[in-house]
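K.L.:
For the sequence shown, full-length UniProt numbering begins at 1 and goes up steadily by one. Provided herewith is a single structure, encoded as structure tokens, for subsequent inquiry.
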Amino acid sequence: MTGPTMRRLKVFRRNKLAVVGISILGLLIAFCFLGPLVYHTEQTLTSLENSKLGPGVNGHPLGTDDLGYDLLGRLMLGGQTSLVIGLAAGVLATMIGTLWGTIAGYAGGWVDAVMMRIVDAGIAIPALFLLVVAAAIATPSVSMLILVIGLVSWLVPARLMRAESIALRSRAYVESMRVMGGGSVRAIGKHIIPNAIGTVIVNVTFQIADAVLLVAYVSFLGLGIPPPAANWGGTLSDGLTYAHDGAWWLILPPGLLIVLTVCAFNFIGDGLRDAFDVKFEAR
């Protein structure tokens, strides 16, 4: 590893919450993707005679839900959906926002004004409202949720990258490239975005956390991916239906997993922000 990379890694490791976040995320990924290889359950066919069994009954460590699905296996399956959608949508949103904001900031003038007014108009519309409308129009699927969440979440990254682009476009190396005949595409691709990569990396972690929450929101409202697919928000929503029956095991585990996932990505984002901060690089 190069010197700057080692310094950033050292700063990141000094942030205890960031290390905790990495550990939590690693455990969650292992639980969701490796867990089903060890703990085999039936997650397609229902078993109503085994519905709402308590933890430990009939060999179900966390009990069963209202359809008789083993809840531990259901949480593993739901975690795969939630994490895949969150990761893919967060990366998509960051990619779109990075490109849009960089072009707007570098171009300046009326191009910047028009592009950022579009961003301002988009931010004025709640992302959850757009998701609910999209879910009501079409049957939700993993690919559809990734696309929709990505297309409604790129606005904040666009504003961040616009500010970075405005600051970087006046740097000496960009001016030298212009004098030598370099075009806008080269300036953006070779100089602006690479030198703003710290902002991009930090932002993508927060976008992933927001995407996981949006998936949970939509699923909680009953507009998520239909059964037999599962996700944590849908499991939590189904569990609340039986809250008055004392079925706490249908509510606490999925809610805890959502909180842990969002906290983990936010902790990692805070650590990466410190690692890429020039004030910390100098230490």
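Where a beta carbon is used, it is the ideal one built from N, C-alpha and C, also for glycine. As the structure is a computational prediction, the values presented were derived from the model and not from experiment.
(1) Is the separation between the beta-carbon of residue 152 and that of residue 127 shorter than 8 Å?
(2) Return the CA-CA distance between residue 186 and residue 99, expressed in angstroms with no decimal places.
(3) Got a sec, what are the start and stop residues for the alpha helix (DSSP H) residue 254 sits in?
(4) Look up residue 70 in the DSSP assignment and give the residues it is bridged to.
(5) Near residue 225, what residues of its chain come up, given a Cβ to Cβ distance below 6 Å and the 5 sequence neighbours on each side ignored?
(6) Which class does residue 186 belong to by DSSP, given the choice of helix, strand or coil?
(7) In angstroms with no decimal places, state the Cα-to-Cα distance between residue 162 and residue 106.
(8) Give, in chain order, every unbroken run of the alpha helix (DSSP H) that is at least 4 residues long and sits entirely within the segment 135 to 178.
(9) Within 10 angstroms of its Cβ, does residue 159 collect 16 or more other Cβ (buried), or is it exposed?
(10) Measuring only the C-alpha atoms, how far is residue 111 from residue 104?
(11) For residue 201, which of 155, 69 and 275 has the nearest alpha-carbon?
(12) Assign residue 55 to one of three DSSP states: helix, strand, or coil.
(13) If I follow the unbroken alpha helix (DSSP H) through residue 50, where does it start and stop?
P.N.:
Taking the geometry as given:
(1) Here the question's residue 152 lines up with position 152 in the sequence shown. Here the question's residue 127 lines up with position 127 in the sequence shown. Contact flag set, yes.
(2) Start at 1 with the first residue of the sequence shown, and residue 186 comes out as number 186. Start at 1 with the first residue of the sequence shown, and residue 99 comes out as number 99. Those two C-alpha atoms are separated by around 13 Å.
(3) Your numbering for residue 254 matches position 254 in the sequence shown. 252 to 275 is the span of the alpha helix (DSSP H), which, as asked, contains residue 254.
(4) Locating residue 70 in the sequence shown gives position 70, counting from the first residue. Paired residue(s): 64.
(5) Within the sequence shown, residue 225 is the residue found at index 225, counting from 1. Around residue 225: 140.
(6) The residue you call residue 186 lines up with position 186 of the sequence shown. Helix at residue 186.
(7) Against the sequence shown, residue 162 aligns to sequence position 162. Against the sequence shown, residue 106 aligns to sequence position 106. Straight-line Cα distance between these residues: approximately 8 Å.
(8) 142 to 152 and 155 to 168
(9) Position 159 of the sequence shown holds residue 159. Per the 10 Å Cβ criterion, buried.
(10) Here residue 111 refers to the residue found at position 111 when the sequence shown is read from its first residue. Here residue 104 refers to the residue found at position 104 when the sequence shown is read from its first residue. Computed Cα separation, rounded: 6 Å.
(11) Looking up residue 201 in the sequence shown gives position 201. Selected option, being the one with the closest Cα: 275.
(12) Working through the sequence shown from its first residue, we reach residue 55 at position 55. Note: residue 55 maps to coil in three-state DSSP.
(13) Within the sequence shown, residue 50 is the residue found at index 50, counting from 1. Taken as a continuous stretch (DSSP letters only), residue 50 belongs to no alpha helix (DSSP H), as it is neither H nor E.
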